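S.K.: Under the working numbering, think of the first position of the sequence shown as 110, with each following residue one higher.
Just so you know, even glycine gets a beta-carbon here, dropped at the ideal spot from N, CA and C.
The structure presented is a predicted model; accordingly, all values stated were derived computationally and were not measured.
Before we start, here is the structure in question, set down as structure tokens.
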Amino acid sequence: MHGLIHLELQKFVEERFGARAWSTLTHRTGLASEIYTPLRSYPDEQMLALVGEAVSMSGKSANALLEEFGEFLVPTYLSLYGNLLKPEWRTLEVIEHTDETIHRVVRLRHEGAAPPRLKAERTGPNEVVLTYDSPRRLCAVARGIGRGVAKKFQEMLTIQERRCMHRGDPACIIVFRRESYRGR
């Protein structure tokens with residue numbers, strides 16, 4: 110997993126649980142000597158161990174914590190990749206075009222990067238159906254990112270997961286529906 114995600118997880122943990130929380134987390138997972146940088150990738154098992162320990166520390170469910178983390182990622186992602194978005198795009202357009210814009214650039218810029226495979230289908234003016242496929246099974250992060258993007262554009266979004274890899278499905282099918290549009 111890309112080092113940027115680890116660095117963002119560190120910021121998220123420190124913001125939510127206090128300045129010493131990251132140190133506690135890395136010690137408990139045996140990763141205290143690891144130095145994360147945005148220039149390399151790290152084994153997925155490290156991120157999963159860190160998230161598992163963060164769940165234990167927080168008392169929240171993994172889904173709730175990962176959705177919060179996904180929402181937390183949005184400002185950083187938009188600062189890094191916002192120039193790839195068309196000015197007229199709002200929440201659903203960003204979700205619809207993430208794989209062909211942001212993920213494409215991530216794959217080109219970072220050797221070995223493996224963002225989730227996304228297939229988006231615009232099923233109506235206020236709805237996008239997203240197929241999420243990743244061996245990491247972090248669909249909760251995708252849902253959180255959707256919420257964070259909607260927050261950025263001041264839109265109300267409902268999210269329904271029709272299928273989920275955590276329930277044995279081959280991929281997650283997530284429906285993002287814009288409920289309220291506050292203009293451009």
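Take Pro147 and list the residues in its own chain whose beta-carbon comes closer than 7 Å to its own, dropping the five residues that flank it on each side.
M.R.: Cβ neighbours of Pro147 beyond the five flanking positions: Gly112, Leu113 and Leu116.
S.K.: Given this structure, state the Cα-to-Cα distance separating His212 from Leu193, to the nearest angstrom.
M.R.: Approximately 11 Å between the Cα atoms of the pair.
S.K.: Check this for me: beta carbons of Gly257 and Leu182, under 8 Å apart or not?
M.R.: Yes. Within cutoff.
S.K.: Cβ of Thr200 within 8 Å of Cβ of Arg287?
M.R.: Against a cut-off of 8 Å, the Cβ pair of Arg287 and Thr200 comes out as a contact.
S.K.: Which residue's Cα is closest to the Cα of Glu209: Pro152, Ala229, Gly168 and Pro196?
M.R.: For the residues Pro152, Ala229, Gly168 and Pro196, the minimum Cα distance to Glu209 belongs to Ala229.
S.K.: What number of angstroms, rounded off, separates the C-alpha of Asn172 from the C-alpha of Lys195?
M.R.: Cα-Cα distance, rounded: 31 Å.
S.K.: Could you please give the first and the last residue of the uninterrupted alpha helix (DSSP H) stretch that includes Thr240?
M.R.: Not the alpha helix (DSSP H): Thr240 falls in the beta strand (DSSP E), residues Glu236 to Asp242.
S.K.: Mapping the DSSP letters down to three states, classify Ser142 as helix, strand or coil.
M.R.: Coil at Ser142, not helix or strand.
S.K.: Does the distance from the C-beta atom of Phe126 to that of Met166 stay below 8 Å?
M.R.: In this structure, Met166 lies closer than 8 Å to Phe126 by Cβ.
S.K.: When DSSP builds the beta bridges, which residues end up paired with Phe121?
M.R.: DSSP output for Phe121 lists no bridge partner at all.
S.K.: Leaving out five residues before and five after Val215 in sequence, what residues of the same chain have Cβ atoms less than 6 Å from its Cβ?
M.R.: Cβ neighbours of Val215 beyond the five flanking positions: Ala222 and Pro224.
S.K.: Suppose you measure from the CA of Glu236 to the CA of Leu217; what does that come to, to the nearest Å?
M.R.: If I take the Cα positions, the gap works out to 29 Å.
S.K.: Report the rounded CA-to-CA distance for Glu123 versus Gly168, giving the unit in angstroms.
M.R.: So the two alpha carbons sit approximately 16 Å from each other.
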